[in-house]
Amino acid sequence: MKNIRYNYGLTVPAATMYTIFFVIPLIMGLYFSFTDWSIYSNEINFIGFEQFKIILTNHSLLNALMNSLKFALVHTVLRNVIGLLLALAVNYVLVFKRTFRMILFSPVIMSSMVVAYIFIILLHPDGLVNRSLEALNLQFLSFQWLADPRKSIFVIAIISVWQMTGINMAIYLAGLQGVPGELIEVSRIEGAGKLKTFIYVTFPLIAPTFTINVVLTIINSLQIFDLVFILTGGGPGESTEVMSTFVYKQFGRGYYGLGTAGNLVLAALICLIAFTTLGILKKREAEL
Amino acid sequence: MFDCIYDLGDTEEKRGGVMKNSKVSISSILVILGLSIICIVILIPFYYMFINSLSTWVGTGKMSLIPPTVLHFENYSKVWAEGKMLRGFANSLKVTSVTLLVVLVIGSLAGFILGRRKDRISIIMYAYFTIGMTVPAFAIPTIKILQFFGVYNSLFALILIYTAFGMPFSIFVLTRFVKTIPKELDESATIDGCRTIQLFYKIIFPLLKPAIATVSVFIFMSAWNDFYWPLYILNESKNWTLPLSIFGYMTKFTAKWNYVFAVLVIASLPVLIYYFIAQDMIIEGLTSGAVKG
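For the protein sequence lines, the chains are A and B, in the order given. Mapping to the numbering used here: the first sequence position 105 is 618, numbers consecutive. Mapping to the numbering used here: the second sequence position 157 is 158, numbers consecutive.
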């Protein structure tokens, strides 16, 4: 056979764009996280781990970090539990499969900012949600949806669950498609109940899908920006501030070093959580 | 696509026990009922947005789910002009289409080479590209780079970074797809005297269609809906993309909810129509990256 030259030259355009506008800023970020870079001084001094000492004692940043983690936990659990249940349901029914899938997935394609504005109005103190609760005599359930320092972060998580669960459902559905019907039939003939069949047959077969879904949702959760920025702007006070809105605020205030350090913490956190989860779940998959 | 799947209900029905059949249909009805309720929860916000976008200022205050008796289509033309939506549309379209074109051309070339070579360099390069799917971008240094090239505060800057950020996913999908195309095709084409680049555009690129569709949906959606980067990068209103135009409109003319909803409808309609026409392709595009991973 003739030798074809798969010239690496053809990868140069892609590698150049990616390196200049993604990788170099990342390396710069690693460096600038250890400096006092800000618009208030002409020089940038290397201050080593000083910046991280500041971070670890900086109340605003720790608060943003905690909120990101709280948000990620609730968001990841709900999206995966509900997404899996919806996928099982859609997979189970014999009619309207496509219609259900289409409707359940539809909010995913919307811009998050559009979703945020719709919910600002729905959750307004005089909005549809409160009016409906009143009509049902359930006013006691109502609170300041988007202005409660303790609960609003969870309200934002639920709005995001409303918007994004469709994607988890679609991924689980694709996984369920790969489960051979014969296996389930055999298990049912052998006398296993539906729940048992799910736990011992279906779930182990969709374990890889579960892994991907969980890791994907975690990465997604930690990067949340649009919904928080528009729904609450991080308020009231700093009670719904998350990492990415924190970085944006430091940028606006001119504290570039601190903002970049926040970004580094976020990146490290995402890698740490994503790879640990991936490791644990892969191990579990092998055991199943 | 989902109709070929066996499920519990299906197999039992095929065995055809009368009693089992009726049991199955009761549980199916319950499942259908449950799904329908959830679908309503999903649809109410959309429906509410549509009916109120056609209402009056007083009408929106009623918080009713009943559509207004008189439909005020003039709301759309009013906010269209006031919010300079056409400009936002044009800017978003420019950014999205150029990004898409560049990503597809340079991404598929790189995917082709990385899918064909089997040496250590190709493995390292593949890892180098795909690591970008996990690590988030560093906003402030990215802006410094854009300032260094003198493109900060321009649509061109958005195109550059969307292209760069689009590389990991595109190369991930395209490289994997190229591996499924038999190498013999390349060899026969080379015998006909094609050079590598001709071989690529004449033979390989047309075969990449499904992967190209996946990448296109993903890049289009993420660029069209993006709000984060324009917020950092575009200071002048003449450059605002659609999401930023909406944000600008909201901060300037908030109070009247019928107009707010009209703006939101204008912003979502193109994507919703696209979804309605090509739902299979879109759902596939937004999920397949994950499934194949």
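No residue lacks a Cβ here, since even glycine has one placed at the ideal position from N, Cα and C. This structure is a prediction, so every number in the text was calculated from the model and none was measured.
Secondary structure of residue i, DSSP reduced to three states
i	result
A/T678	helix
A/F559	strand
B/T242	coil
A/T548	strand
B/L9	For B/L9, the pLDDT reaches just 34, beneath the cut-off of 50, and the residue's location in the model is therefore unreliable, leaving the point undetermined.
B/M64	coil
B/G108	helix
B/G294	A caution first: B/G294 carries a pLDDT of 40, below 50, which makes its placement in the model unreliable, though a value can still be read off. Here B/G294 sits in coil by DSSP.
A/P538	helix
A/I517	coil
A/P721	helix
B/R118	coil
A/G706	coil
B/F3	With a pLDDT of only 32 at B/F3, under 50, the local geometry of the prediction cannot be trusted, and the value read off the model is given with reservation. Note: B/F3 maps to coil in three-state DSSP.
B/G249	helix
A/N593	helix
B/D187	helix
B/F254	helix
B/F206	helix
B/K15	Unreliable placement is indicated for B/K15, whose pLDDT of 41 sits below 50; the coordinate value is still reported in the next sentence. Correct three-state label for B/K15: helix.
A/G750	coil
B/S56	coil
A/P839	Residue 839 of chain A lies beyond the stretch modelled for chain A, which goes from 514 to 801, so this question has no answer here.
A/F788	helix
A/Q690	helix
A/K664	coil
A/L729	helix
A/E695	helix
B/V71	coil
A/Q657	coil
Span of the alpha helix (DSSP H), counted from its first residue to its last, around residue i
i	result
A/D739	739–744
B/A165	156–180
B/Y275	258–278
A/V606	Counting along the chain, A/V606 falls outside any alpha helix (DSSP H), and DSSP gives it neither H nor E.
A/F632	625–635
B/I234	229–234
A/K762	756–766
A/T715	No alpha helix (DSSP H) holds A/T715; DSSP gives it neither H nor E.
B/K79	75–83
A/V642	641–648
B/L200	197–200
B/F149	140–149
CB-CB length for residue i against residue j, believed under 8 angstroms
i	j	result
A/T524	B/L110	7 angstroms
B/Y77	B/I267	6 angstroms
A/V628	A/L636	So it is not a contact: roughly 12 angstroms between Cβ atoms.
B/I160	B/V96	6 angstroms
B/G108	A/A527	6 angstroms
B/L105	B/I213	6 angstroms
B/A165	A/Y531	5 angstroms
Residue i beta carbon near the ligand ADP (any heavy atom closer than 7 angstroms)
i	result
A/G679	Annotation note on the ligand ADP: not contained in the displayed structure, which lists no ligands.
**Request:** Give the residues from the stretch 193–219 of chain B that approach chain A closer than 8 angstroms (Cβ to any Cβ), ordered along the chain.
**Result:** Answer set for the stretch 193–219 of chain B: T197, I198, L200, F201.
**Contact set between the stretch 517–531 of chain A and chain B, restricted to residues whose Cβ is under 8 angstroms from the partner** = Of all residues in the stretch 517–531 of chain A, those with a C-beta nearer than 8 angstroms to a C-beta of chain B are I517, R518, Y519, N520, Y521, L523, T524, P526, A527, A528, M530, Y531, reading in chain order.
**Asked** Taking three-plus beta-carbon pairs below 8 angstroms as touching, is the stretch 706–723 of chain A in contact with the stretch 773–784 of chain A?
**Response** The stretch 706–723 of chain A, when compared against the stretch 773–784 of chain A, does not touch it at the 8 angstroms Cβ threshold.
**Request:** Please list the residues of the stretch 172–195 of chain B that have a C-beta atom closer than 7 angstroms to any C-beta atom in chain A, keeping them in chain order.
**Result:** Taking a C-beta cut-off of 7 angstroms against chain A, the contacting residues of the stretch 172–195 of chain B are I172, D187, E188, T191, I192, listed in chain order.
**Message:** Which residues of the stretch 578–605 of chain A have a Cβ closer than 8 angstroms to any Cβ of chain B? Give them in chain order.
**Reply:** Per Cβ criterion, the list reads L599, A602, V603, N604, Y605.
**Asked** On the three-pair Cβ rule with 8 angstroms, is the stretch 749–758 of chain A touching the stretch 658–674 of chain A?
**Response** With a cut-off of 8 angstroms, the stretch 658–674 of chain A and the stretch 749–758 of chain A count as touching, because enough Cβ pairs lie within range.
**Asked** Does the stretch 42–58 of chain B come close enough to the stretch 230–248 of chain B to have 3 or more Cβ pairs within less than 8 angstroms?
**Response** Cβ pair count under 8 angstroms is below three, so no.
**Message:** Tell me which residues of the stretch 750–777 of chain A have at least one Cβ-Cβ distance to chain B shorter than 7 angstroms, keeping chain order.
**Reply:** From the stretch 750–777 of chain A, only V760, F764, Y769, G772, T773, N776 have a Cβ closer than 7 angstroms to chain B.
**Prompt:** If you measure beta-carbon to beta-carbon, which residues of the stretch 537–563 of chain A are closer than 7 angstroms to chain B?
**Reply:** Residues of the stretch 537–563 of chain A with a Cβ closer than 7 angstroms to any Cβ of chain B, in chain order: I537, P538, L539, M541, G542, F545.
**Prompt:** Should the stretch 765–774 of chain A be called in touch with the stretch 680–692 of chain A, which here means at least 3 C-beta pairs below 8 angstroms?
**Reply:** The stretch 765–774 of chain A vs the stretch 680–692 of chain A: no contact.
**Residues in the stretch 613–628 of chain A having any Cβ partner in chain B nearer than 9 angstroms** = Flagged, chain order: F613, R614, M615, I616, L617, F618, S619, P620, V621, I622, M623, S624, S625, M626, V627, V628.
**Asked** Would you call the stretch 128–136 of chain B and the stretch 82–92 of chain B in contact, with 3 or more CB pairs under 8 angstroms?
**Response** Counting C-beta pairs with one atom in each stretch, the stretch 128–136 of chain B and the stretch 82–92 of chain B have fewer than three that are closer than 8 angstroms, which means they do not touch.
**Request:** Indicate whether the contact test is met: 3 or more Cβ pairs, each with one atom in the stretch 139–150 of chain B and one in the stretch 533–541 of chain A, closer than 8 angstroms.
**Result:** In short, these stretches touch, since the Cβ pair count reaches three.
**Touching by the beta-carbon criterion (3+ pairs, under 8 angstroms), the stretch 219–230 of chain B and the stretch 609–625 of chain A** = As far as the Cβ criterion goes, the stretch 219–230 of chain B touches the stretch 609–625 of chain A, which means the pair count is three or higher.
**Request:** For the stretch 142–154 of chain B and the stretch 202–220 of chain B, state whether three or more C-beta atom pairs, one from each stretch, are separated by less than 8 angstroms.
**Result:** Segments in contact, no.
**Request:** For the stretch 631–653 of chain A, enumerate the residues whose C-beta is nearer than 8 angstroms to any C-beta of chain B, in chain order.
**Result:** Answer in chain order: I631, F632, I634, L635, D639, G640, L641, R644.
**Contact residues within the stretch 245–272 of chain B, judged by C-beta distance below 7 angstroms to chain A** = Result list: I247, F248, M251, W258, V261, L265, A268, S269, V272.
**Asked** Using 8 angstroms as the Cβ pair cut-off and three pairs as the minimum, do the stretch 224–233 of chain B and the stretch 169–184 of chain B touch?
**Response** Verdict: no, contact absent.
**Item:** Stretch-stretch touch, CB-based, cutoff 8 angstroms, three pairs: the stretch 562–570 of chain A with the stretch 696–706 of chain A
**Value:** Counting C-beta pairs with one atom in each stretch, the stretch 562–570 of chain A and the stretch 696–706 of chain A have fewer than three that are closer than 8 angstroms, which means they do not touch.
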